[in-house]
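Numbering-wise (the working numbering), the sequence shown opens with residue 336 and increments by one.
Heads up, the beta-carbon is just placed ideally off N, CA and C, and yes, glycines get one too.
Just so you know, these numbers come straight off a predicted model, no measurement behind them.
Report on one structure; see the data block that follows.
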Amino acid sequence: MKYIIRYGEIGVKSPKIRRKFENRLSENIQTVLDAQIDIDQGRMILETSEKPETVNQYLTKIFGIVSYSPIIETVAEKSILTKTIEDLIDKLLEEKEFDPKKTFAIKCRRVGKHNYSSQQIAGYCGSVVIKKTNAPVNLSNPDFTLYVEIRDDKAYLYHEKIQCLGGLPVGTQGRVLVLVSSGIDSPVAVYSMLKRGCSVSILHFNNSPYTSGDMDKVISNINQLKKYSVGSKIESFVVNYGDYLKQVQIDAPPRMTCILCKSGMYQVAQKLAKDRNCQAIVDGSSIGQVASQTLPNIQASRYHCNMPIFSPLIGMDKIEIENLGKQIGTYEISILPDSGCSAVPKYPETNADLDLVIDTEEKINIESLVDKVYETCTKIKKE
Numbered sequence: 336m337k338y339i340i341r342y343g344e345i346g347v348k349s350p351k352i353r354r355k356f357e358n359r360l361s362e363n364i365q366t367v368l369d370a371q372i373d374i375d376q377g378r379m380i381l382e383t384s385e386k387p388e389t390v391n392q393y394l395t396k397i398f399g400i401v402s403y404s405p406i407i408e409t410v411a412e413k414s415i416l417t418k419t420i421e422d423l424i425d426k427l428l429e430e431k432e433f434d435p436k437k438t439f440a441i442k443c444r445r446v447g448k449h450n451y452s453s454q455q456i457a458g459y460c461g462s463v464v465i466k467k468t469n470a471p472v473n474l475s476n477p478d479f480t481l482y483v484e485i486r487d488d489k490a491y492l493y494h495e496k497i498q499c500l501g502g503l504p505v506g507t508q509g510r511v512l513v514l515v516s517s518g519i520d521s522p523v524a525v526y527s528m529l530k531r532g533c534s535v536s537i538l539h540f541n542n543s544p545y546t547s548g549d550m551d552k553v554i555s556n557i558n559q560l561k562k563y564s565v566g567s568k569i570e571s572f573v574v575n576y577g578d579y580l581k582q583v584q585i586d587a588p589p590r591m592t593c594i595l596c597k598s599g600m601y602q603v604a605q606k607l608a609k610d611r612n613c614q615a616i617v618d619g620s621s622i623g624q625v626a627s628q629t630l631p632n633i634q635a636s637r638y639h640c641n642m643p644i645f646s647p648l649i650g651m652d653k654i655e656i657e658n659l660g661k662q663i664g665t666y667e668i669s670i671l672p673d674s675g676c677s678a679v680p681k682y683p684e685t686n687a688d689l690d691l692v693i694d695t696e697e698k699i700n701i702e703s704l705v706d707k708v709y710e711t712c713t714k715i716k717k718e
């Protein structure tokens, strides 16, 4: 069976970049589908013997694809096109997908040099349908639309447009390291970076004994997110962070625990990011959502990092983040019961003084603590 694949942003790139992105998208598709793919002036024509439900399962989760359609390929010659349309209408009538009592329209797109316009071929194809069914026409709001794409000497007919995720092909924008907890937000941040074409590495901080039950949720969410990372492997790491938090609680004012916790995380992440050739750090911060995510606290906790830190959810509210988590299948995993973090103080600082934070970090020798945490870094193998 054949399918036509459409993409959005890729098509507006320069010819050189567009070819690069098209080739990567084609490669990503072929990692999960046994298919022949031809790239043709802003479209991909995919041919495969895979079942339609298998094709749908994968194409709807591959970033870079805006939509796709099962197609009938024929020759762009009137007599052959007429017979193909008649046969298709017979099939649709038999399957009750076309009701001759309801309105229809023909939408035509044409690429190449022809001795007719798109409007002319649309009118011709419409006359074939009317002659066959006597169905009424409504060009502005039809009940049924038959699409005809003429590409040089070939014609493609379809009536379904299956919406996909859009974005950029994964693997076209370098690699980022995402800080992933057992909560709702960080898996959504992973998804957001995959959508922008980034390959993803994941770092989880095991806060035991201050938390428990996190690891199984993190692994389940990683496995769910792999469905959206077709063509690029997600590598995952964990560090033991409990001793760091214990030392912070001993040596620093309680109200600064959350700031120093986040600052240490960024510094550990920066070490791993550099070792794994990641070009940025990513987290699930949303302004004002928790104590560590006020603007003064964000500034103070990121002060020591000299590589980019992205927060793709920064302007989203909790409901928006939860809704996206539900769409991608991570929300139900994230809300499974766990103990929460018992290291959070009763009155956390929400308006950090940068100079005071820097002074406190020097007093507790944060560099040494970060080095000790990084020594515990291991790959997550149970996935």
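{"Query": "Determine the contact status of PHE398 and LYS530, defining contact as a CB-CB distance below 8 Å.", "Result": "yes"}
{"Query": "Mind checking who ASN363 pairs with in its DSSP beta bridge?", "Result": "None, per the DSSP bridge assignment."}
{"Query": "Relative to the C-alpha of ILE465, which candidate in GLN634, LEU381, THR438 has its C-alpha closest?", "Result": "THR438"}
{"Query": "Within the chosen definition, does the region 572-588 reach the region 533-553 through at least 3 CB pairs nearer than 8 Å?", "Result": "yes"}
{"Query": "Roughly how many angstroms lie between the CA atoms of SER517 and ILE485, to the nearest whole one?", "Result": "50 Å"}
{"Query": "With distances taken Cα to Cα, identify the nearest neighbour of LEU659 among VAL401, VAL511, VAL523.", "Result": "VAL523"}
{"Query": "By the 10 Å Cβ neighbour count, where 16 or more other Cβ atoms means buried, how is SER349 classified, buried or exposed?", "Result": "exposed"}
{"Query": "Looking only at C-alpha atoms, which of PRO477, SER571, SER598, LEU580 sits nearest to ILE693?", "Result": "SER598"}
{"Query": "Would a C-beta distance cut-off of 8 Å place ALA604 and LEU689 closer than the cut-off?", "Result": "no"}
{"Query": "According to DSSP, is VAL708 part of a helix, a strand, or is it coil?", "Result": "helix"}
{"Query": "Does DSSP put GLN634 in a helix, a strand or coil?", "Result": "helix"}
{"Query": "Below 7 Å CB to CB, which residues in the same chain sit around ASN473 once its five sequence neighbours on both sides are set aside?", "Result": "THR438, ALA440"}
{"Query": "Which residues in the same chain as CYS443 place their Cβ atom closer than 6 Å to its Cβ, once the five residues preceding and following it in sequence are excluded?", "Result": "SER453, ILE456, ALA457, VAL483"}
{"Query": "What does DSSP give as the partner residue(s) for LEU512 in the beta ladder?", "Result": "SER536, ILE616"}
{"Query": "Report the rounded CA-to-CA distance for GLY509 versus GLU344, giving the unit in angstroms.", "Result": "17 Å"}
{"Query": "Jot down the residue ranges of each uninterrupted beta strand (DSSP E) in the region 416-479, minimum 3 residues, whole runs only, in chain order.", "Result": "439-446"}
{"Query": "Taking all protein chains shown into account, do 16 or more other C-beta atoms lie within 10 angstroms of the C-beta of LEU719, making it buried, or fewer, making it exposed?", "Result": "Outside the modelled stretch of the chain, which goes from 336 to 718, sits residue 719, for which no answer is possible."}
{"Query": "Which first and last residues belong to the beta strand (DSSP E) in which TYR403 is found?", "Result": "402-410"}
{"Query": "When the Cα of TYR563 is compared with those of GLU388, CYS499, GLY675, which residue comes out closest?", "Result": "CYS499"}
{"Query": "If CYS593 sits next to VAL679, beta carbons under 8 Å apart, how far is it from one beta carbon to the other, in whole angstroms?", "Result": "6 Å"}
{"Query": "With contact counted as at least three CB pairs below 8 Å, one residue from each stretch, are the region 619-634 and the region 646-658 in contact?", "Result": "yes"}
{"Query": "Where do the N-terminal and C-terminal ends of the beta strand (DSSP E) with ASN575 fall, by residue?", "Result": "570-575"}
{"Query": "Report all residues from its chain with a CB closer than 8 Å to the CB of ASN686; omit the five preceding and five following residues, and keep chain order.", "Result": "THR629, PRO631, ASN632"}
{"Query": "Any idea what DSSP makes of MET591, helix, strand or coil?", "Result": "helix"}
{"Query": "Under the DSSP definition of a beta bridge, which residues are partnered with GLN498?", "Result": "SER402"}
{"Query": "So is GLN602 buried or exposed if we call it buried at 16+ other beta carbons inside 10 Å?", "Result": "buried"}
{"Query": "What did DSSP end up calling LEU659 once you bin it into helix, strand or coil?", "Result": "helix"}
{"Query": "So, are the CB atoms of LEU423 and ILE400 less than 8 Å apart?", "Result": "no"}
{"Query": "Helix, strand or coil: which one does DSSP assign to ALA370?", "Result": "strand"}
{"Query": "In terms of residues, what are the limits of the alpha helix (DSSP H) holding GLU284?", "Result": "The structure shown does not extend to residue 284, since the chain spans only 336 to 718, so no value can be given for it."}
{"Query": "With distances taken Cα to Cα, identify the nearest neighbour of ILE616 among VAL367, VAL513, PRO477.", "Result": "VAL513"}
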